[in-house]
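Residue numbers (full-length UniProt numbering): 1 to 292. Using N, Cα and C, we set each Cβ at its ideal position, and we do this for glycine too. In this text, all values refer to a predicted model and were calculated from it rather than measured experimentally.
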Amino acid sequence: MKDDLKHIIESLLFVSDVPLSVRRIVQILDLRNSDVVREILHELGREYEKRKGGFYLKEIAGGYQLRSRPEHREWIRRMLQSKPARLSKAAMETLAIIAYKQPIIRTDIEHIRGVDCGGVLRMMMERKLIRVMGRKEIPGRPMIYGTTREFLEIFNLKDLKDLPSLKEIESLSEGLSRQMELEADAPPDMEISAGMPPGDLPANGADTAVSADESGESGAEAAGLSQTENSGETPGSENSQPEGAVSEETDLPGNVPVGEDAAPVSGDPAEDGEGEEIHTPDHKNEDNEENA
């Protein structure tokens, strides 16, 4: 009986285009106890690691997913012949602010960045990187933004606790600064490798490499990660220039699992992709913004 369950669960993982949570597997199999599912998932994980095959079982975004080995990325890219989606510097900064400060409203995001963010927010909603969590009970009832489960999948995070801390970001920033200094001082015929390990990708995945922003500014720094809390103040001017998100500067890693191409997930990371379709209302300053 247990072997049959293991084979069924492995099949479900193989064909699923999103990570499967233990709760979802229990619902599909109509089981009363989730312990046996957890035990089977752990067994499968150990078997894949021992086998050292083309993919392995990864706990990610509140569930489990079969993902391809990072070292096979180049061959997968050749097969799919896909171009990585890209995010502009403005979009990466805004996404970092939301990731670290969520739940957060638009005026707080714009206060941190100092510019209008309507176009960037709309673009990231379309790409299912952020979602509307509700409305804040203040005059105007502004929408509250947070990240999606798709965000966790793309950036290879188990949950939001896996986001790097400010100390880790500062350490990485110092390392990148030293690397840039070495590259600037190196003779023309000497190549210096940054030594950054590639990330892993879903088992049938497209390219998932995220290129560093050309400015060298980290996402956490862009999010204003000082020890202060959100001020909640409105940006200085309603007529601040909107900043588009259509320029292609930073690679956004793809996320295609073993089966069909992955459908975007807009639900809460703790849920199983069950989210409502969200339409952002027009803002009065968005008429002149560039759509992504």
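Query                                                                                                                                                            : Result
Pairing CB atoms from the region 85-97 with CB atoms from the region 68-76, are three or more of them under 8 Å?                                                 : no
Quick check: residue 294 and L166, are their CB atoms within less than 7 Å of each other?                                                                        : Missing from the structure shown is residue 294; the chain here goes from 1 to 292 and no further.
I'd like the span of the beta strand (DSSP E) that includes G146, first residue to last.                                                                         : 143-147
What separation, rounded to the nearest whole angstrom, lies between the Cα atoms of S34 and E93?                                                                : 40 Å
For a test of the three-state rule: what should DSSP assign to A61, helix, strand or coil?                                                                       : coil
Between the Cα of residue 293 and those of R51, Y48, S21, spot the shortest distance and give me the residue it belongs to.                                      : Not covered by the structure: residue 293. The range shown for the chain is 1 to 292.
Pop quiz: E126 and C117 are said to be a contact at Cβ under 8 Å. What is the actual Cβ separation, rounded to whole angstroms?                                  : Contact doesn't hold; Cβ gap of about 14 Å is too wide.
Excluding the 5 residues flanking D30 on each side, which residues of the same chain have their C-beta closer than 7 Å to its C-beta?                            : none
By how many angstroms is the C-alpha of I154 removed from the C-alpha of R106?                                                                                   : 23 Å
Using the Cα positions of Y56 and T147, report the straight-line distance between them to the nearest angstrom.                                                  : 26 Å
Would you check if the distance between the CB atom of V132 and the CB atom of M123 is smaller than 7 Å?                                                         : no
Roughly how far, in whole angstroms, is the beta-carbon of residue 346 from the beta-carbon of R78, given that I think they are within contact range, below 8 Å? : No answer is possible for residue 346: the residues shown for the chain start at 1 and end at 292.
Provide the residue span of the alpha helix (DSSP H) that contains R77, from first to last.                                                                      : 73-80
Report the rounded CA-to-CA distance for I104 versus L160, giving the unit in angstroms.                                                                         : 15 Å
Secondary structure at I28, three-state DSSP: helix, strand or coil?                                                                                             : helix
DSSP on S68, reduced to helix/strand/coil?                                                                                                                       : strand
Using beta-carbon positions only, say whether Q13 and L66 come within less than 7 Å of one another.                                                              : The amino acid at residue 13 is misidentified as Gln; the sequence shows Leu. Yes.
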